[in-house]
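Peer 1: With the sequence shown counted from 1, adding 843 to any position gets you this note's numbering. Take a look at the following structure, please.
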Amino acid sequence: MSQALHHTIHKIVGGLQLPNDETGNCHTFVTKLAKECENLGVKFVMDTTIQQLNEQGNEIVSVSTSKGEFTADAYLMALGSYSTHMLANIGIRVPVYPVKGYSLTIPIDDFTAAPESTVMDETYKVAITRLGDKIRVGGTAEISAYNLALLEKRRKNIEFSIADLFPHAADLGKAEFWTGLRPMTPDGTPILGKTKD
Ligand SMILES: Cc1cc2nc3c(=O)[nH]c(=O)nc-3n(C[C@H](O)[C@H](O)[C@H](O)COP(=O)(O)OP(=O)(O)OC[C@H]3O[C@@H](n4cnc5c(N)ncnc54)[C@H](O)[C@@H]3O)c2cc1C
């Protein structure tokens, strides 16, 4: 158990420790992965909007983007929850819907009072994670299509969990508030693989 939870042990009835679970910094991971790919010759075209997939018969022949038209031997769809409409335009239906989540990233004030790894507050379905000298708290499943408004009432819910379990760790006033869309399928499994020939 995180040592810091000793401050609030009286609030906890029980918990599960999952020693085989791991926590990683996905931004660091993908940045380093991209660097490795570049070393192998991959060229990334950043800050580019895909406008449409161009079809001929049953095949995609090119992709129109804000930086011109691109052709390739194969095309991979990985636009998260935005894949659904892009694919619908070429007659492919995928059951992917955006489920909005929120997170707070807060610089740690008192390291002895901060989580060492990840703690899930199952009552409120909030994950509290240590990210170096910061804490990231994420949660909420809001069904509101592609609306990226930062709702203060959601912030309050997430703030509650961190303040409840790790009250001395960080100053919530310094938190960075963020929202994103999880690409969700009805049973939670991803959709991987080739489309029909
Ligand atoms: C608050 C929150 C907390 C989360 N916490 C965790 C966690 O702790 N652990 C975990 O495993 N997962 C977590 N997730 C889920 C995780 O973020 C998603 O599963 C993951 O990001 C999905 O990756 P993806 O690449 O499929 O889609 P996305 O990350 O949604 O990426 C799709 C990309 O496509 C881009 N795009 C869309 N349309 C276009 C276009 N027309 N042209 C060009 N680009 C376009 C978007 O800008 C985006 O960059 C969390 C999600 C949220 C919102």
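Think of the CB as a built atom: it goes at the ideal place given N, C-alpha and C, for glycine as much as any other residue.
How would you write the range of the beta strand (DSSP E) that Thr961 sits in, first residue to last?
Peer 2: Thr961 to Asp964
Peer 1: How far does the beta strand (DSSP E) with Ile903 in it extend, from its first residue to its last?
Peer 2: Glu902 to Thr908
Peer 1: Just the C-alpha distance for Val904 and Val885, rounded to the nearest angstrom, thanks.
Peer 2: 21 angstroms
Peer 1: Sorry if obvious, but does the Cβ on Glu985 come closer than 8 angstroms to a heavy atom of ligand 3?
Peer 2: Of the ligands this structure carries, namely ligand 1, none is ligand 3.
Peer 1: Mind checking which residues open and close the beta strand (DSSP E) that includes Ala984?
Peer 2: Lys977 to Glu985 is the extent of the beta strand (DSSP E) around Ala984.
Peer 1: Could you check if Thr927 belongs to the surroundings of ligand 1, using beta carbon to heavy atom distance under 8 angstroms?
Peer 2: no
Peer 1: In the DSSP assignment, the alpha helix (DSSP H) including Val873 goes from what residue to what residue?
Peer 2: Cys869 to Asn882
Peer 1: If you compare alpha carbons, which of Tyr940, Val888 and Ile935 is closest to Asn990?
Peer 2: Tyr940
Peer 1: So is Ile1044 buried or exposed if we call it buried at 16+ other beta carbons inside 10 Å?
Peer 2: This structure gives no information on residue 1044, because the portion of the chain shown stretches from 844 to 1040.
Peer 1: May I ask whether a heavy atom of ligand 1 can be found less than 8 angstroms away from the beta carbon of Ser987?
Peer 2: no
Peer 1: Within a Cβ cutoff of 8 angstroms, which residues of the same chain sit near Met920, ignoring the five residues on either side of it in sequence?
Peer 2: Ser926, Met929 and Leu930
Peer 1: Determine the contact status of Ala956 and Ala847, defining contact as a CB-CB distance below 9 angstroms.
Peer 2: yes
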